[in-house]
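S.K.: Once you've had a glance at the structure underneath, I'll fire off some questions.
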């Protein structure tokens, strides 16, 4: 096995990105959604729930402490602080509740699809006409059930007999029915979907309560969301910063006591008295200076990342998978259906030496009349369009003996009027010609190699007349690269992601398609073992790998990959092995998944940068206003010219709460993602969100100070 490396591709215009799956209920701050989420936000005030967020737990403890102080020594300033500290905690809980509420809104459709149904469970595997009627909840893995047209499939499983058209709109949102059949990679069915035609026998693979729909509901509602490694690490960092700011704030108390003793003429206030910094102000300072902004939004960012995947009909089995998608550095993509359209089309007839083009076209059309594959139909259409040959239904050729295609012979054809016409793979047809006394011209081999080198698939057409066979020519089948793929791969390259095309084609064909599509590498004549070995090789270098698959033979590679996206049309083994399931079964969506993962990481990093810069700016905005009376020299640092210590503290607390609400839409929507390198993204974050985090508090606190300085009790 070897991976071929290509040069840097040229750039071409691309197409617009494919829109996502089902829409969300309401906007980012839909008033109805906010109203529904508010009770959840209030319930989250329970310390037993809030302990998972240590930053906000400290804010709640501070709010309780200031409430006690306000009761003991009431004042407008004290109660205003109490109100805004509690609002800070509620706003933080509201951000998480809104994110979870959006997930619950999406789960409502899924819950409606999950219904109590009855099943016809076969009594004996050998007898398909004897069954018992049981509730779907009684089914267990290994049970066989019969489902006919108009009936609801009672549980997740695999089709083991028959073929049927199935309506999966309750799961995927797509109204077009899909085909499910036994013995292939489209055998998996989902409980709650409806059979529209024919009759199938399904082997149940899931226990009650563990079905695909059950897992989807739990995941989109956030019930099973666990913190990812990066999220845990960031929580540790926030806790450390909280301790640092806590220590820094506490040190102000002895400094204030010493300063008051040295300056007895300075009057007492609600900020500073004979005992130093008051308890109210200490709590307010701690809340303003610890990283409350990112602490409030961190959980919502993670939930929103999974929510964006659900909107695109992708089910992530864990937040870890979404995060891993953002760190992926290698993408493994199947050629057929992902990079190319998948249906090869006839593009050219290449006659052998001495054979008229019309004769080759007629033979190619005859040999394809009974070929119902997209390739076969394209040959008939091409012969009709380019050579004016009328398409004749096989029924008109009553004396014809049709030769079906088999995997063993790798050819098909027709016997008609003393002629045996065959069409198929080059090696199979050339072998057939030699077997029947023919000697293919050397030019035929050149035609075959030329088609392969150009990225096409060669099919050879031959005939046998009077016991002697000869080659008539070559059909050039072209696998068309999807529009815009080169642009998408250019974006991946700017993101630092290497793309590898995997195909069963020969190296010549694979290289041509890879160069046309613009991928970095390709793996030709790939087997399941080759895919697994390639993933392991990539991971040895510390890289994270993502891939898609739908068959049982893809399961080992999907399980090994850091991000394994299984197609919903695939087998149960593939869906169990992967950590994501694409309900639309669109392999190209892997690129969108990576972009969503990167957007999640960028959003988290941007808001963390903003929050830390915001806290540092508030520190330098508040402290000069507080201590200017004690240390007149600090007045030069009071660039905002705040009205006084009480106004400065209250303005900072109000701003601290309001900025959380202002950033909820950004946390849910995500920072706009532009494909670029890590260093450029870091520079942009520091410029936009770092600088913004410094400037915003100065502007916001000053504006609030102007509004509240004339309120009673603030003089």
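Residue numbers (full-length UniProt numbering): 1 to 715. Even glycine gets a Cβ: it sits at the ideal position worked out from N, Cα and C.
1) Report the option in 586, 597, 555 whose CA atom is closest to the CA atom of residue 577.
2) Among 643, 692, 681, 61, whose alpha-carbon lies nearest the alpha-carbon of residue 702?
3) Determine the extent of the beta strand (DSSP E) in which residue 421 is found, giving its start and end residues.
4) What does the alpha-carbon distance come out to for the pair residue 376 and residue 597?
5) What three-state label does DSSP hand residue 51 in the structure shown?
6) Provide the residue span of the beta strand (DSSP E) that contains residue 165, from first to last.
7) Could you tell me how far apart the beta carbons of residue 462 and residue 470 are, in whole angstroms, since I believe they sit closer than 8 Å?
8) Extract the residue ranges of the beta strand (DSSP E) inside the segment 276-344, only unbroken runs of 3 or more that lie entirely within it.
9) Do you know whose CA, among 650, 43, 387, 668, lies nearest residue 710's CA?
10) Do you know how far the Cα of residue 707 is from the Cα of residue 697?
11) How many whole angstroms separate the CB atoms of residue 92 and residue 37, which I take to be in contact at a CB cut-off of 8 Å?
12) Taking the beta carbon of residue 290 as the centre, do at least 16 other beta carbons fall within 10 Å, making it buried, or is it exposed?
13) Going by DSSP, which residues form a beta bridge with residue 148?
14) Is residue 439 buried or exposed, if buried means 16 or more other CB atoms sit within 10 Å of its CB?
15) If you pair each beta-carbon of the segment 555-574 with each one of the segment 311-327, do three or more pairs fall below 8 Å?
16) In this structure, what does DSSP give as the bridge partners for residue 499?
17) Please identify the residue among 34, 445, 488, 493 whose C-alpha is closest to the C-alpha of residue 474.
18) With H, G and I counted as helix, E and B as strand and the rest as coil, what does DSSP make of residue 441?
19) What residue from 122, 316, 350, 687 has the CA that sits closest to residue 213's CA?
20) Name the DSSP bridge partner or partners of residue 478?
21) Once the 5 residues before and after residue 67 are set aside, which same chain residues still bring their CB inside 6 Å of it?
22) Excluding five sequence neighbours on each side, which residues of the same chain lie with their C-beta closer than 6 Å to the C-beta of residue 718?
23) Please go through the segment 546-578 and give each complete beta strand (DSSP E) segment of 3 or more residues, from N-terminal end onward.
24) The alpha helix (DSSP H) that contains residue 722, what's its start and end?
25) Going by DSSP in three states, residue 463 sits in which element: helix, strand or coil?
26) What does the Cβ neighbour count give for residue 695, buried or exposed, with the cut at 16 atoms within 10 Å?
27) Less than 8 Å separating the beta-carbons of residue 509 and residue 452?
28) I'd like to check one pair, residue 191 with residue 154: are the Cβ atoms closer than 8 Å?
29) Would you tell me roughly how many angstroms separate the C-alpha atoms of residue 414 and residue 398, rounded to the nearest one?
30) Have a look at residue 542 and residue 533 and give me their C-alpha separation to the nearest angstrom.
31) On the CB-based measure, 16 or more other CB atoms within 10 Å of its CB, does residue 15 come out buried or exposed?
32) Suppose you measure from the CA of residue 624 to the CA of residue 61; what does that come to, to the nearest Å?
33) Using a threshold of 8 Å, state whether the C-beta atoms of residue 160 and residue 180 are closer than that.
34) Compute the Euclidean distance between the alpha carbons of residue 371 and residue 410, then round it to the nearest angstrom.
35) Is the CB-CB distance between residue 501 and residue 517 below 8 Å?
36) What would DSSP say about residue 153, mapped onto helix, strand or coil?
M.R.: The answer reads as follows:
1) Within the chain shown, residue 577 is the residue found at index 577, counting from 1. The candidate whose alpha carbon is nearest that of residue 577 is 555.
2) If you number the chain shown from 1, residue 702 lands on position 702. Ranking the options by Cα distance to residue 702, first place goes to 643.
3) Numbered from its first residue, the chain shown carries residue 421 at position 421. Start and end: 419-425.
4) Counting from 1 along the chain shown, the entry for residue 376 is found at position 376. Counting from 1 along the chain shown, the entry for residue 597 is found at position 597. Taking the straight line from one Cα to the other gives about 41 Å.
5) Translated into positions along the chain shown, residue 51 becomes position 51. Here residue 51 sits in coil by DSSP.
6) Numbered from its first residue, the chain shown carries residue 165 at position 165. Going by DSSP, residue 165 is part of the beta strand (DSSP E) stretching over 157-167.
7) Numbered from its first residue, the chain shown carries residue 462 at position 462. Numbered from its first residue, the chain shown carries residue 470 at position 470. About 6 Å separates the two Cβ atoms, so the contact holds.
8) 314-316, 330-334, all fully within the segment 276-344.
9) Start at 1 with the first residue of the chain shown, and residue 710 comes out as number 710. For the residues 650, 43, 387, 668, the minimum Cα distance to residue 710 belongs to 650.
10) Position 697 of the chain shown holds residue 697. Position 707 of the chain shown holds residue 707. So the alpha carbons of these two residues sit roughly 15 Å apart.
11) Within the chain shown, the letter at position 92 stands for residue 92. Within the chain shown, the letter at position 37 stands for residue 37. About 12 Å separates the two Cβ atoms, so there is no contact after all.
12) Residue numbering aside, residue 290 sits at position 290 when the chain shown is read from its first letter. Here residue 290 is buried: its Cβ has 16 or more other Cβ atoms, across all protein chains shown, within 10 Å.
13) On the chain shown, position 148 is the one that residue 148 refers to. The partner list for residue 148 (beta bridge, DSSP) reads 199.
14) The residue given as residue 439 occupies position 439 in the chain shown. Here residue 439 is exposed, its C-beta having fewer than 16 other C-beta atoms within 10 Å.
15) Below 8 Å, enough C-beta pairs join the segment 555-574 and the segment 311-327 to call them touching: three or more.
16) Position 499 of the chain shown, counted from the start, is the residue given in the question as residue 499. Looking at the DSSP assignment, residue 499 forms a beta bridge with 331.
17) Here residue 474 refers to the residue found at position 474 of the chain shown. Of the listed residues, the one whose Cα sits closest to residue 474 is 445.
18) Numbered from its first residue, the chain shown carries residue 441 at position 441. DSSP places residue 441 in the coil class of the three-state scheme, outside both helix and strand.
19) Reading the chain shown from its first residue, position 213 is the one you call residue 213. Of the listed residues, the one whose Cα sits closest to residue 213 is 316.
20) In the chain shown, the residue the question calls residue 478 occupies position 478. Paired residues: 345, 456.
21) Against the chain shown, residue 67 aligns to sequence position 67. Contacts found: 82.
22) Past the edges of the chain, shown from 1 to 715, lies residue 718, and the structure says nothing about it.
23) Listed in chain order, the beta strand (DSSP E) runs fully inside the segment 546-578 are 563-567, counting runs of at least 3 residues.
24) This structure cannot speak to residue 722, because the chain is shown only from 1 to 715.
25) As a working note, residue 463 is residue 463 in the chain shown. The answer is strand: DSSP assigns residue 463 an E or B state.
26) By one-based count along the chain shown, residue 695 stands at place 695. Residue 695 should be labelled exposed.
27) By 1-based counting over the chain shown, the position of residue 509 is 509. By 1-based counting over the chain shown, the position of residue 452 is 452. Taking 8 Å as the Cβ cut-off, residue 509 and residue 452 qualify as a contacting pair.
28) Taking the first residue of the chain shown as 1, we reach residue 154 at position 154. Taking the first residue of the chain shown as 1, we reach residue 191 at position 191. Yes, the pair counts as a contact, with Cβ atoms nearer than the cut-off.
29) Taking the first residue of the chain shown as position 1, residue 414 is located at position 414. Taking the first residue of the chain shown as position 1, residue 398 is located at position 398. For residue 414 and residue 398, the distance between alpha carbons rounds to 12 Å.
30) Taking the first residue of the chain shown as position 1, residue 542 is located at position 542. Taking the first residue of the chain shown as position 1, residue 533 is located at position 533. Rounded to the nearest angstrom, the two C-alpha atoms are 15 Å apart.
31) Counting from 1 along the chain shown, the entry for residue 15 is found at position 15. Note that residue 15 has pLDDT 34, beneath the 50 cutoff, so the model's placement of it is unreliable and no number is given.
32) Residue numbering aside, residue 624 sits at position 624 when the chain shown is read from its first letter. Residue numbering aside, residue 61 sits at position 61 when the chain shown is read from its first letter. Their Cα atoms are separated by approximately 26 Å.
33) On the chain shown, position 160 is the one that residue 160 refers to. On the chain shown, position 180 is the one that residue 180 refers to. It is not a contact, given that the beta carbons lie outside the stated cut-off.
34) Position 371 of the chain shown holds residue 371. Position 410 of the chain shown holds residue 410. Their backbone Cα atoms lie some 13 Å apart in a straight line.
35) Mapped onto the chain shown, residue 501 falls at position 501. Mapped onto the chain shown, residue 517 falls at position 517. Cβ distance < 8 Å, so residue 501 and residue 517 count as in contact.
36) Against the chain shown, residue 153 aligns to sequence position 153. Correct three-state label for residue 153: coil.
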